[in-house]
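Below: the structure, in structure tokens.
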Amino acid sequence: QTEYIKLDPEHMDKAALKKGALLLRQGEVVAFPTETVYGLGANALDPAGVDKIFLAKGRPGDNPLIVHVAHPDQLKPLVTEISSGAYALMERFWPGPLTLIFPKSTLVPSNVTGGLNTVALRMPGHPVALALLQEAGVPVAAPSANLSGKPSPTVGEHVWTDLMGKIPLILDGGETQYGVESTVLDLTTTPPMILRPGGVTLEEIQEVIGEVRQDPALKANQPPRSPGMKYTHYAPEAEVLIMEGSEQEITSLIVNHYQRLVKTGQKIALLVSEETARELEHQLVPDYLEILGPRKNLSLVAHRLFSALRHADFHGVDLILIEAFSDQGLGAAVMNRMRKAAGNKVLKS
Ligand code: TXA
Ligand code: MG
């Protein structure tokens, strides 16, 4: 049985938070909102509780979890070394969507880190997440609260769809703000390396610590360093194809492919920018069209992306044609998730 409790982040129900915190301390799992996506948490210091996360999600055991803390001070016992760069990053971006990788202490169970000698840590910015962490009084290991492989949940209903009957409690705090996960930054290499683009951009990190590299595997088709990045991810049931072209040619590219593919009898969803939707009006009457946002508003596109992929599945779509956006700034995270959802399948002009 899964209990589902709606929480107003402005006036939080203390009893619900206490219930969640107690479950965590008792070695159970609880789903809760963060400012990026929903997380499925367990007491990070309780290996048996952590095992239940892998079980509920169907997550491979070698894919390490992010440990969430209520305050930077909670970090010290979990790591063996905190560099000056790490302090500067925490000062600037915590609470917020930046996960930092440190050498781990012996206190952190090995199932949290997938056997690695490093641990990923972040202090989330969502009021419900922070209140739950404070009330629990323990660090909380939490991956995204989706079934392994599915798009991450950005509303409580997504968690319900994936994990109903498998976990005791879902705390629903409404829509998440960012819609893409945190940036994962490895501080154990010189220079530090972005393993997963996310809510905090490369440019913002560079402003604080100078030189930063991106995992080269993010560009090429190589096995990535972040274990989780090698698995199929963010994939809806529908096949996803990315449509890539300049602003001048993107509309005709979409029209051509749509008209060709619609003849196969598949149910097709178009996920496009506001600008493209406007141009398409004169040329196509698609069965299913969802606007991700204006091309320049990448935070809105990020906010809507996973939800749009899930909507298409909900409506029994066979094929999603999705417009590529800029990969600058927050666009790096948007395009990384989009490419993974598409299994790198791109149609160009
Ligand atoms: O925004 C987020 O980060 C959300 C919310 C719930 O906080 N969490 C999340 O967790 O996205 P998850 O498990 O879906 O993704 C964690 C990523 C995976 O790609 C994993 O491989 C990587 O972080 N990771 C965790 N620990 C690591 C480590 N020690 N070394 C390298 N990569 C690590
Ligand atoms: Mg995930």
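Just so you know, we're using our numbering here: the sequence shown kicks off at 7 and counts up by one. For glycine and all other residues, C-beta sits at the position ideal for the given N, C-alpha and C.
In this structure, ligand 2 has no non-hydrogen atom nearer than 7 Å to the beta-carbon of serine 313. By DSSP's assignment, phenylalanine 38 forms a beta bridge with Gly45. Note on geometry: alpha-carbon atoms of serine 313 and leucine 224 lie some 23 Å from one another. For threonine 8, the CB stays at least 7 Å from every heavy atom of ligand 1. Assigned with DSSP and collapsed to three states, alanine 314 falls in helix. For serine 111 and leucine 71, the gap between their C-alpha atoms comes out near 15 Å.
In this structure, proline 159 has its beta carbon at no less than 7 Å from each heavy atom of ligand 2. For the 8 Å CB-CB criterion, leucine 327 and isoleucine 256 do not form a contact. For glycine 271, the CB stays at least 7 Å from every heavy atom of ligand 1. Between leucine 353 and methionine 199, the C-beta spacing is not below 8 Å.
Between leucine 177 and proline 39 a beta carbon distance of about 7 Å is seen, short of the 8 Å cut, so the two are scored as contacting. Between ligand 2 and serine 89, a heavy atom-to-CB distance of less than 7 Å is absent. According to the DSSP assignment, tyrosine 264 belongs to no beta strand (DSSP E) but to the alpha helix (DSSP H) extending over 256-268.
Rounded to the nearest whole angstrom, the CA to CA distance from tryptophan 100 to histidine 263 is 44 Å. Judged by DSSP in its simplified three-state form, threonine 282 adopts helix.
A heavy atom of ligand 2 is found nearer than 7 Å to the CB of proline 149.
Here tyrosine 10 carries a strand assignment [DSSP, helix/strand/coil].
Set against 7 Å, the gap from the CB of alanine 126 to the closest heavy atom of ligand 1 is smaller. Looking at Ile107, Gly337, Asp221, Leu276, the one whose alpha-carbon comes closest to that of glutamate 87 is Ile107.
Our two residues, aspartate 333 and proline 242, have alpha carbons roughly 22 Å apart in a direct line. In the three-state reduction of the DSSP assignment, arginine 301 falls in the coil class.
Following the DSSP letters along the chain, one finds methionine 249 inside the beta strand (DSSP E) bounded by residues 245-250. With fewer than 16 neighbouring CB atoms inside 10 Å of its own CB, histidine 17 falls in the exposed class. Residues of the same chain with a CB within less than 8 Å of the CB of valine 268, apart from the 5 flanking positions on each side, are Ile274 in chain order.
In this structure, ligand 1 has a non-hydrogen atom nearer than 7 Å to the beta-carbon of valine 190.
Distance from the CA atom of proline 292 to the CA atom of aspartate 324, rounded to whole angstroms, is 14 Å. Our two residues, glutamate 217 and leucine 201, have alpha carbons roughly 15 Å apart in a direct line. In the structure shown, threonine 124 adopts extended strand secondary structure according to DSSP, grouped into three states. According to the DSSP assignment, threonine 167 belongs to no beta strand (DSSP E) but to the alpha helix (DSSP H) extending over 162-169. Between the segment 154-166 and the segment 302-312 there are three or more inter-stretch CB-CB distances shorter than 8 Å, so the stretches are counted as touching. Comparing C-alpha distances from threonine 282 to each of Lys24, Pro300, Gln7, Ala151 shows the shortest one belongs to Pro300. Inter-residue distance for glycine 251 and alanine 135 is about 40 Å (C-alpha atoms, whole angstroms). For ligand 1, a non-hydrogen atom lies closer than 7 Å to the CB of threonine 105.
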